[in-house]
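If you're matching positions, the sequence shown starts at 9 in the numbering used here and goes up one per residue.
Glycine included, each C-beta is placed from N, C-alpha and C at the ideal position.
Notes to accompany the following structure.
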Amino acid sequence: MRAALVQLTVSDDPVANLPVTVGYIRQAVAAGAGFVLTPELTNGLSSSRAHQRSVFRHEEDDATLAALRAEAQAAGIWLLIGSLGLLTHDADGRFANRSFLIAPDGGVAARYDKIHMFDVNVSATEVYRESEGYRPGTKAVVAATPFAKIGMTVCYDLRFPALYRRLAQGGAQVITVPAAFNHITGAAHWETLLRARAIETGCFVLAPAQTGFHPEANGKGRKTHGHSLAIAPWGEVLADAGSGPGVTLVDLDLAEVDKARGRVPSLSHDRGFDGP
Numbered sequence: 009m010r011a012a013l014v015q016l017t018v019s020d021d022p023v024a025n026l027p028v029t030v031g032y033i034r035q036a037v038a039a040g041a042g043f044v045l046t047p048e049l050t051n052g053l054s055s056s057r058a059h060q061r062s063v064f065r066h067e068e069d070d071a072t073l074a075a076l077r078a079e080a081q082a083a084g085i086w087l088l089i090g091s092l093g094l095l096t097h098d099a100d101g102r103f104a105n106r107s108f109l110i111a112p113d114g115g116v117a118a119r120y121d122k123i124h125m126f127d128v129n130v131s132a133t134e135v136y137r138e139s140e141g142y143r144p145g146t147k148a149v150v151a152a153t154p155f156a157k158i159g160m161t162v163c164y165d166l167r168f169p170a171l172y173r174r175l176a177q178g179g180a181q182v183i184t185v186p187a188a189f190n191h192i193t194g195a196a197h198w199e200t201l202l203r204a205r206a207i208e209t210g211c212f213v214l215a216p217a218q219t220g221f222h223p224e225a226n227g228k229g230r231k232t233h234g235h236s237l238a239i240a241p242w243g244e245v246l247a248d249a250g251s252g253p254g255v256t257l258v259d260l261d262l263a264e265v266d267k268a269r270g271r272v273p274s275l276s277h278d279r280g281f282d283g284p
């Protein structure tokens, strides 16, 4: 299977972001990709909850989701929409950060809501409280496709290895990590964490990312790290998208999963222990 990582520099305007995303998907398809992946918050990044509320839609009304489902059907591809910011019907009004796996017939094959919320103080000037705007998911997801079983995660999930072990032991051969990784933590930890998750699970890890400076209508904005990565089950970096938007291709040989797990079968070596 040829996969394509789409790296984006979205604004806070879903209408303006959509044709850019579609253009890259078509470029990936023209290059022979049968599985195309976009980053976290493909529809738009914003620091303003009020702005998000004005541009986000419920899943059933979201124009980005509808258009990308139609694109997958027209091209006959599997498409991972890394995630979309969506309105929910929750009483507290928080959004969903939801990843979608779209089948070649345009149907939604799987949904995954990001479990771990990015509530951190990166520096004195960069503070994030994702849980104030987004409600966390509660369910791990492994989706079956004709070419692989796919474990779905999003961005900050990457720092929680127990989730990845659960996905691998649940049958995942490929794990997706769409992200909008902060430029500071990304430079320090992104590649190391992705390689660790691949090595620990014996899975391919595919991580399409946001990159660069993301302008907002309020004059603010944020920076993301980029460097979408494809990691082999033995931990090798197969592809690195660098810092610019675009499409990065990688060919996956699922035999490498069994090969890596055969050499180090740690997924079957769990033992109970006491303490601390």
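So what's residue i in DSSP terms, helix, strand or just coil?
i	result
residue 251	coil
residue 267	helix
residue 198	helix
residue 66	strand
residue 129	strand
residue 135	strand
residue 116	strand
residue 152	strand
residue 190	strand
Compare the C-alpha of residue i against each of the options and name the closest.
i	options	result
residue 176	159, 188 and 167	159
residue 241	147, 132, 182 and 74	182
residue 156	202, 78, 94 and 43	43
residue 171	208, 77, 255 and 264	208
residue 124	24, 141, 235 and 206	141
residue 165	115, 224 and 105	105
residue 94	77, 116 and 143	143
residue 89	153, 101, 103 and 116	116
residue 110	87, 219 and 136	87
residue 184	279, 39 and 202	202
residue 154	218, 47 and 85	85
residue 190	138, 161, 173 and 169	138
Mind checking whether residue i and residue j have CB atoms under 8 Å apart?
i	j	result
residue 51	residue 92	yes
residue 65	residue 257	no
residue 32	residue 18	no
residue 230	residue 49	no
residue 291	residue 214	The chain is shown only over 9 to 284; residue 291 falls outside these bounds and no answer can be derived.
residue 186	residue 62	no
residue 146	residue 194	no
residue 264	residue 235	no
residue 35	residue 255	yes
residue 206	residue 178	no
Going by DSSP, name the residue or residues bridged to residue i.
i	result
residue 296	Residue numbering for the chain in the displayed model covers 9 to 284; residue 296 lies beyond these limits and cannot be assessed.
residue 223	229
residue 256	13
residue 218	16
residue 184	160 and 214
residue 92	106
residue 237	215 and 248
residue 86	43
residue 121	106
So, is residue i buried or exposed, given that buried needs 16 or more other C-beta atoms within 10 angstroms?
i	result
residue 97	exposed
residue 277	exposed
residue 79	buried
residue 70	buried
Taking only beta-carbon atoms, is residue i less than 8 Å away from chain B?
i	result
residue 164	The structure shown has no chain B; it contains just one protein chain.
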